[in-house]
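Participant: For the record, the sequence lines run as chains A and B. The first sequence begins at 39 in my numbering and counts up by one. The second sequence begins at 465 in my numbering and counts up by one. All C-beta atoms, glycine included, are put in the ideal place defined by N, C-alpha and C. No experiment lies behind these values; they were computed from the predicted model shown. One structure follows; several queries about it will come next.
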Amino acid sequence: QQQVKQSPQSLIVQKGGIPIINCAYENTAFDYFPWYQQFPGKGPALLIAIRPDVSEKKEGRFTISFNKSAKQFSLHIMDSQPGDSATYFCAASSPGSQGNLIFGKGTKLSVKP
Amino acid sequence: GAGVSQTPSNKVTEKGKYVELRCDPISGHTALYWYRQSLGQGPEFLIYFQGTGAADDSGLPNDRFFAVRPEGSVSTLKIQRTERGDSAVYLCASSLLPDINSGANVLTFGAGSRLTVL
Numbered sequence: 039q040q041q042v043k044q045s046p047q048s049l050i051v052q053k054g055g056i057p058i059i060n061c062a063y064e065n066t067a068f069d070y071f072p073w074y075q076q077f078p079g080k081g082p083a084l085l086i087a088i089r090p091d092v093s094e095k096k097e098g099r100f101t102i103s104f105n106k107s108a109k110q111f112s113l114h115i116m117d118s119q120p121g122d123s124a125t126y127f128c129a130a131s132s133p134g135s136q137g138n139l140i141f142g143k144g145t146k147l148s149v150k151p
Numbered sequence: 465g466a467g468v469s470q471t472p473s474n475k476v477t478e479k480g481k482y483v484e485l486r487c488d489p490i491s492g493h494t495a496l497y498w499y500r501q502s503l504g505q506g507p508e509f510l511i512y513f514q515g516t517g518a519a520d521d522s523g524l525p526n527d528r529f530f531a532v533r534p535e536g537s538v539s540t541l542k543i544q545r546t547e548r549g550d551s552a553v554y555l556c557a558s559s560l561l562p563d564i565n566s567g568a569n570v571l572t573f574g575a576g577s578r579l580t581v582l
């Protein structure tokens, strides 16, 4: 059973566009939702994270929108650049299992010049 | 060191062999994690250490997999009687102690050890 469902699998946008990646979860005990960015041959790196008591969080060009009632959250990348081309993973964890992040399957983003 | 260091970066072995993968966490990080990432998939949790002890090993797929962290720093993931299905990138991550109130867990990942079982 996939606890965190991520879409789309891949995404192509032009430079300056706003790619949006969506995730949905089932477990209402989840209380921490990070997004990770991974370049080929590298490990994932934390981009931004949110907790369910807020509906939006911005850090630089990256924004998470969180909808607790729908059990969905999304990543928006403003003014996307070719250097943002990478695979993005959403994840979730529950209290008492902070070390156990449940990852989505990833979205491969390509930003064309 | 500046980041999480994993060795070897690549390991090719034959089915049935024993493999050890090493992780050097960021100095001072008390928590250490092992994840496995198959091609085209997200990382999958294996085990989490707090200090020397395994706080959560619920992700280890079977008893062929074992991990140790004897001095609370370096960790070794050990795989016995390797199978072709074990082929994946094994990622190690470390973090400071998670905040008890927020549960925030900022994991810093290494580049991984790519294991290929022929």
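1. Leaving aside the five residues before and after glutamate 478/B along the sequence, list all residues of the same chain whose C-beta is less than 6 Å from its C-beta, in chain order.
2. Go ahead and label alanine 83/A buried or exposed: buried means 16 or more other beta carbons lie within 10 angstroms of its beta carbon, across all protein chains shown.
3. So within the region 40–75 of chain A, which uninterrupted beta strand (DSSP E) runs reach at least 3 residues, ignoring any that extend past its ends?
4. Suppose contacts are defined by Cβ-Cβ distances below 8 Å. Is tyrosine 70/A in contact with lysine 109/A by that definition?
5. Quick one: any contact between the region 539–549 of chain B and the region 139–148 of chain A, if contact means 3 or more CB pairs under 8 Å?
6. Between which two residues does the beta strand (DSSP E) carrying tyrosine 497/B extend?
7. Taking the alpha-carbon positions, what's the arginine 99/A to valine 92/A distance?
8. Give the residues of chain A in contact with glycine 523/B, contact being defined as C-beta atoms less than 8 Å apart.
9. For serine 135/A and chain B, any beta-carbon pair shorter than 8 Å?
10. Among residues of its own chain, excluding the 5 on either side of proline 525/B, which ones have a beta-carbon nearer than 7 Å to its beta-carbon?
11. If we count the other Cβ atoms within 10 Å of its Cβ and call it buried at 16 or more, is isoleucine 56/A buried or exposed?
12. Do we get a CB-CB distance below 8 Å when we pair phenylalanine 141/A with the residues of chain B?
13. Do leucine 510/B and arginine 500/B have their C-beta atoms within less than 8 Å of each other?
14. Per DSSP, which residues does glutamate 484/B bridge with? Please list them.
Facilitator: Reading off the structure:
1. Counting only residues of its own chain and dropping the five nearest sequence neighbours on each side, glutamate 478/B has a CB closer than 6 Å to the CB of Leu582.
2. The residue in question, alanine 83/A, is exposed, as its Cβ has fewer than 16 Cβ neighbours within 10 Å.
3. The region 40–75 of chain A contains these whole beta strand (DSSP E) runs: 42–45, 48–52 and 58–63.
4. Taking 8 Å as the Cβ cut-off, tyrosine 70/A and lysine 109/A do not qualify as a contacting pair.
5. Contact between the region 539–549 of chain B and the region 139–148 of chain A is absent, because fewer than three Cβ pairs lie under 8 Å.
6. Its beta strand (DSSP E) spans residues 495–501.
7. Rounded to whole angstroms, arginine 99/A and valine 92/A show a C-alpha spacing of 18 Å.
8. In chain order: Asn138.
9. At least one C-beta of chain B is nearer than 8 Å to the C-beta of serine 135/A.
10. Once the five neighbours on either side are set aside, proline 525/B has no close Cβ partner at all.
11. It counts as exposed.
12. Interface residue, yes.
13. Yes, Cβ-Cβ distance for leucine 510/B and arginine 500/B is below 8 Å.
14. Looking at the DSSP assignment, glutamate 484/B forms a beta bridge with Lys542/B.
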